[in-house]
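A.B. asks: The structure is given below, and queries will be raised subsequently.
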Amino acid sequence: MPEKSMDNAMEAASGAHFSGLRLSSSSSAPSSPSSAKASSVRSFSPSAAASAASAAAGAHRQPFVIGVSGGTASGKTTVCDMIIQQLHDHRVVLVNQDSFYRGLTAEESERVQDYNFDHPDAFDTEQLLECMGKLKDGQSVNVPIYDFKNHRRCSESFRKVNASDVIILEGILVFHDQRVRDLMDMKIFVDTDADIRLARRIRRDTVERGRDVNSVLEQYGRFVKPAFDDFVLPSKKYADVIIPRGGDNHVAIDLIVQHIRTKLGQHDLCKIYSTVFVIQSTFQIRGMHTLIRDRDITTPDFVFYSDRLIRLVVEHGLGHLPFTEKQVVTPTGSVYMGVDFCKKLCGVSIVRSGESMENALRACCKGIKIGKILIHRDGDKGKQVTRRIKLLSFSCRGEFLSLE
Ligand SMILES: Nc1ncnc2c1ncn2[C@@H]1O[C@H](COP(=O)(O)OP(=O)(O)O)[C@@H](O)[C@H]1O
Ligand SMILES: O=c1ccn([C@@H]2O[C@H](COP(=O)(O)O)[C@@H](O)[C@H]2O)c(=O)[nH]1
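UniProt numbering puts the sequence shown at residues 1 to 404.
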């Protein structure tokens with residue numbers, strides 16, 4: 001794993017409150033010098049190495065799926081475009097529920113004015129589920145292209161949608177079917193005043209969809225409004241975020257984009273590096289990270305809070321070591337089915353990088369032996385750097401926890 005990309009990914013994902021654990025893939029020797037820089041606890045165990053390798057080989061990154069619903073002409077597409085624009089450094093694709101309109105038969109086409117395009121049955125939800133399932137699985141899909149003027153699908157052409165980090169599924173009824181809702185990591189409802197929506201719909205349908213004002217008003221009164229009341233509005237309760245005023249609400253869109261970025265950061269890190277474990281942030285942890293970053297902090301406070309954070313990382317690192325099952329008898333005579341820590345545990349700290357973690361490890365593991373590794377860098381800025389590694393005065397068999 002390239003040192004730079006790992007460190008950059010950690011930094012990007014961290015915000016102000018990142019604590020990371022990495023499990024190494026080496027069982028008997030210290031890790032390669034090139035990976036010795038990130039601040040973490042690392043344990044060497046053959047089983048962890050094997051599972052890490054297989055996880056890495058089969059790993060595919062689960063995309064973050066966002067559902068965007070709302071009434072007709074509420075600004076769903078506009079909001080999606082704004083999110084996509086602001087997430088420019090991620091691969092994002094948009095899937096429109098409109099693409100899955102069934103398309104009218106010849107008979108239905110003859111009486112198009114009687115067709116209800118706003119009822120859930122107007123969509124081929126099974127096909128939508130199939131496409132979304134493939135995208136979530138990392139496969140690209142061919143999405144149908146719907147022709148609003150002729151109310152049918154273009155039979156020969158499709159839009160190819162590639163697997164991506166973020167999939168946005170947009171449409172009036174994307175929250176209606178539970179199976180579709182269950183695919184989503186985040187649900188957004190665009191809430192725009194009905195009068196404004198009707199005005200926009202008249203303009204759009206007459207300009208872009210080849211309708212006249214009368215037919216738009218007729219369809220709106222017969223189908224669009226009743227279906228909004230019966231299906232769209234009741235699905236608003238499933239939303240995680242409601243955006244009043246749609247695309248005019250820049251604050252809401254900024255907040256949503258920030259949230260997606262945060263989610264992607266952690267998401268990506270753990271998916272790309274299957275041996276990385278991110279400690280869940282709490283206000284305590286963020287508070288300590290805030291304190292140690294404050295340039296006005298006193299030295300004793302800096303040492304105190306750094307030690308507390310280090311202790312948390314060490315405790316988590318120990319939690320990833322192998323264990324065996326063990327029964328004990330309690331003072332009241334009952335049997336407790338517990339576990340036993342691994343017997344032979346040693347620590348190795350990287351000189352000038354992991355030594356600050358030694359006390360925490362000693363406090364957690366009574367009598368643990370800790371060796372040191374010196375990594376010596378030869379070379380200059382701009383020139384090739386070679387690293388020489390030296391294990392200082394140490395002999396130990398068993399599990400290693402490396403402090404770096
Ligand atoms: N905030 C806005 N101000 C003015 N016009 C808008 C705004 N948001 C959307 N529109 C217009 O309203 C129409 C419908 O918007 P769109 O985003 O396509 O809605 P939806 O996808 O919900 O049907 C489009 O013609 C679009 O240009
Ligand atoms: O052939 C069709 C298909 C759909 N409609 C109307 O489109 C809207 C949904 O699209 P939005 O972009 O969300 O407005 C829906 O209300 C249908 O009535 C159509 O008129 N003709």
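Note that beta-carbon positions come from the ideal geometry of N, C-alpha and C, so glycine has one too.
With a floor of 4 residues, list each alpha helix (DSSP H) that falls wholly inside the segment 218-277, ordered by position along the chain.
C.D. replies: Runs found: 250-272.
A.B. asks: Just the C-alpha distance for E399 and H320, rounded to the nearest angstrom, thanks.
C.D. replies: Indexing the sequence shown from 1 puts residue 399 at position 399. Indexing the sequence shown from 1 puts residue 320 at position 320. Looking at the two C-alpha atoms, the distance is approximately 11 angstroms.
A.B. asks: What residues come near ligand 1, if near means a beta carbon less than 6 angstroms from any of its heavy atoms?
C.D. replies: Every residue passing the under-6 angstroms Cβ criterion appears here: G70, T72, A73, S74, G75, K76, T77, T78, R200, R204, G246, G247, D248.
A.B. asks: Given this structure, state the Cα-to-Cα distance separating Q85 from S353, to the nearest angstrom.
C.D. replies: As a first step, residue 85 must be located in the sequence shown, where it is residue number 85. As a first step, residue 353 must be located in the sequence shown, where it is residue number 353. When rounded, the distance between both Cα atoms is 40 angstroms.
A.B. asks: Just grab the DSSP bridge partners of K326 for me.
C.D. replies: Here residue 326 is taken as the residue at index 326 of the sequence shown, counted from 1. DSSP output for K326 lists G338 as bridge partner(s).
A.B. asks: Specify, as a first and last residue, the run of the alpha helix (DSSP H) that C131 falls within.
C.D. replies: By 1-based counting over the sequence shown, the position of residue 131 is 131. From DSSP, the alpha helix (DSSP H) with C131 extends over 125-136.
A.B. asks: Excluding the 5 residues flanking K369 on each side, which residues of the same chain have their C-beta closer than 6 angstroms to its C-beta?
C.D. replies: Within the sequence shown, residue 369 is the residue found at index 369, counting from 1. Excluding positions up to five away in sequence, the list reads C346, C396.
A.B. asks: Enumerate in chain order the residues of its own chain whose CB-to-CB distance from D147 is below 8 angstroms, with the five nearest sequence positions on each side excluded.
C.D. replies: Residue numbering aside, residue 147 sits at position 147 when the sequence shown is read from its first letter. Once the five neighbours on either side are set aside, the close Cβ partners of D147 are R153, C154.
A.B. asks: Taking 7 angstroms as the cut-off, is the beta-carbon of H176 closer than that to any non-hydrogen atom of ligand 2?
C.D. replies: Residue numbering aside, residue 176 sits at position 176 when the sequence shown is read from its first letter. Flag unset: Cβ of H176 not near ligand 2.
A.B. asks: Within a Cβ cutoff of 6 angstroms, which residues of the same chain sit near I242, ignoring the five residues on either side of it in sequence?
C.D. replies: Here residue 242 corresponds to residue number 242 of the sequence shown, with the count starting at 1. F189, D191.
A.B. asks: Between which two residues does the alpha helix (DSSP H) holding K76 run?
C.D. replies: Residue numbering aside, residue 76 sits at position 76 when the sequence shown is read from its first letter. Unbroken alpha helix (DSSP H) run through K76: 76-86.
A.B. asks: Taking DSSP as the reference, what is the three-state secondary structure of E399?
C.D. replies: Numbered from 1 along the sequence shown, position 399 holds the residue referred to as residue 399. Three-state result, E399: strand.
A.B. asks: May I ask you to report which of helix, strand or coil DSSP gives N96?
C.D. replies: For the purposes of this step, residue 96 is identified with residue 96 of the sequence shown, where counting begins at 1. Here N96 sits in strand by DSSP.
A.B. asks: Tell me, please, which residues DSSP counts as bridged to M186.
C.D. replies: Within the sequence shown, the letter at position 186 stands for residue 186. Paired residue(s): I66.
A.B. asks: So D185 and V65 are in contact, right, with Cβ under 8 angstroms, and what is the actual spacing, rounded?
C.D. replies: By one-based count along the sequence shown, residue 185 stands at place 185. By one-based count along the sequence shown, residue 65 stands at place 65. Indeed, because the Cβ distance is near 5 angstroms, the residues count as touching under 8 angstroms.
A.B. asks: With the cut-off set at 8 angstroms, would you say S164 and V92 are in Cβ contact?
C.D. replies: Mapped onto the sequence shown, residue 164 falls at position 164. Mapped onto the sequence shown, residue 92 falls at position 92. Taking 8 angstroms as the Cβ cut-off, S164 and V92 qualify as a contacting pair.
A.B. asks: Is F158 closer than 8 angstroms to residue 410 when the C-beta atoms are compared?
C.D. replies: The requested residue 410 does not occur in the structure, where the chain is confined to residues 1 to 404.
A.B. asks: Count the other CB atoms, across all protein chains shown, that sit within 10 Å of the CB of S69; report buried if there are 16 or more and exposed otherwise.
C.D. replies: Locating residue 69 in the sequence shown gives position 69, where the first residue counts as 1. Flag for S69 reads buried.
A.B. asks: Would you say D98 touches ligand 2, meaning its beta carbon is less than 7 angstroms from a heavy atom?
C.D. replies: Position 98 of the sequence shown, counted from the first residue, corresponds to residue 98. Yes, ligand 2 has a heavy atom inside 7 angstroms of this Cβ.
A.B. asks: For ligand 4, I want to know if V224 counts as a neighbour, meaning its beta carbon is within less than 7 angstroms of at least one of the ligand's heavy atoms.
C.D. replies: With respect to ligand 4, the structure shown offers nothing to examine, as its ligands consist of ligand 1 and ligand 2.
A.B. asks: If we ignore side chains and look at the alpha-carbon of each, how far apart do I202 and H250 end up?
C.D. replies: For this step, residue 202 is matched to residue 202 along the sequence shown. For this step, residue 250 is matched to residue 250 along the sequence shown. The alpha-carbon atoms of I202 and H250 are separated by roughly 25 angstroms.
A.B. asks: Among all the DSSP beta bridges, which residues are the ones paired with F158?
C.D. replies: One-based indexing of the sequence shown puts residue 158 at position 158. BP columns for F158 point to P144.
A.B. asks: Sorry if obvious, but does the Cβ on F148 come closer than 7 angstroms to a heavy atom of ligand 2?
C.D. replies: Here residue 148 refers to the residue found at position 148 of the sequence shown. True, at least one ligand heavy atom lies under 7 angstroms from that Cβ.
A.B. asks: Going along the chain, which residues of its own chain have a beta-carbon closer than 8 angstroms to the beta-carbon of N162, five neighbours each way excluded?
C.D. replies: Position 162 of the sequence shown, counted from the start, is the residue given in the question as residue 162. The answer, listed in chain order, is R91, V93, S140.
A.B. asks: Check the C-beta distance from I350 over to L312 and give it rounded, since I have them as a contact under 8 angstroms.
C.D. replies: Reading the sequence shown from its first residue, position 350 is the one you call residue 350. Reading the sequence shown from its first residue, position 312 is the one you call residue 312. No, I350 and L312 are not in contact; Cβ-Cβ is about 19 angstroms, not under 8 angstroms.
A.B. asks: Heavy atom of ligand 2 less than 7 angstroms from the Cβ of I172, yes or no?
C.D. replies: Translated into the one-based positions of the sequence shown, residue 172 becomes position 172. Yes, ligand 2 has a heavy atom inside 7 angstroms of this Cβ.
A.B. asks: Distance check for K326 and G338, CA to CA, integer angstroms please.
C.D. replies: For the purposes of this step, residue 338 is taken as the residue at position 338 of the sequence shown. For the purposes of this step, residue 326 is taken as the residue at position 326 of the sequence shown. Cα-Cα distance, rounded: 5 angstroms.
A.B. asks: Just to confirm, are V166 and L217 a CB contact at a threshold of 8 angstroms?
C.D. replies: Within the sequence shown, numbered from 1, the residue matching residue 166 stands at position 166. Within the sequence shown, numbered from 1, the residue matching residue 217 stands at position 217. Not a contact, by the Cβ cut-off of 8 angstroms.
A.B. asks: Following the continuous alpha helix (DSSP H) through G287, name the residue where it begins and the one where it ends.
C.D. replies: Taking the first residue of the sequence shown as position 1, residue 287 is located at position 287. G287 -> alpha helix (DSSP H) spans 283-293.
A.B. asks: Is any heavy atom of ligand 2 found at a distance shorter than 7 angstroms from the C-beta of D294?
C.D. replies: By one-based count along the sequence shown, residue 294 stands at place 294. D294 Cβ: outside cutoff for every heavy atom of ligand 2.
A.B. asks: Have a look at K372 and I297 and give me their C-alpha separation to the nearest angstrom.
C.D. replies: Counting from 1 along the sequence shown, the entry for residue 372 is found at position 372. Counting from 1 along the sequence shown, the entry for residue 297 is found at position 297. The alpha-carbon atoms of K372 and I297 are separated by roughly 30 angstroms.
A.B. asks: If contacts are defined as beta-carbon pairs under 8 angstroms, then I172 and T282 qualify, I think. What distance do you get, rounded to the angstrom?
C.D. replies: Residue mapping note: residue 172 aligns to position 172 of the sequence shown, counting from 1. Residue mapping note: residue 282 aligns to position 282 of the sequence shown, counting from 1. In fact, because the Cβ distance is near 39 angstroms, the residues do not count as touching under 8 angstroms.
A.B. asks: Looking only at its own chain, which residues have a Cβ that is under 7 angstroms from the Cβ of D98, when we skip the five neighbours before and after it?
C.D. replies: As a first step, residue 98 is located in the sequence shown; it is residue number 98 there, counting from the start. Cβ within range, chain order: Y146, G171.
A.B. asks: Write down the C-beta distance between T330 and D340 rounded to the nearest angstrom, noting that I regard them as a contact closer than 8 angstroms.
C.D. replies: For the purposes of this step, residue 330 is identified with residue 330 of the sequence shown, where counting begins at 1. For the purposes of this step, residue 340 is identified with residue 340 of the sequence shown, where counting begins at 1. The pair is not a contact, with the Cβ atoms about 16 angstroms apart (cut-off 8 angstroms).
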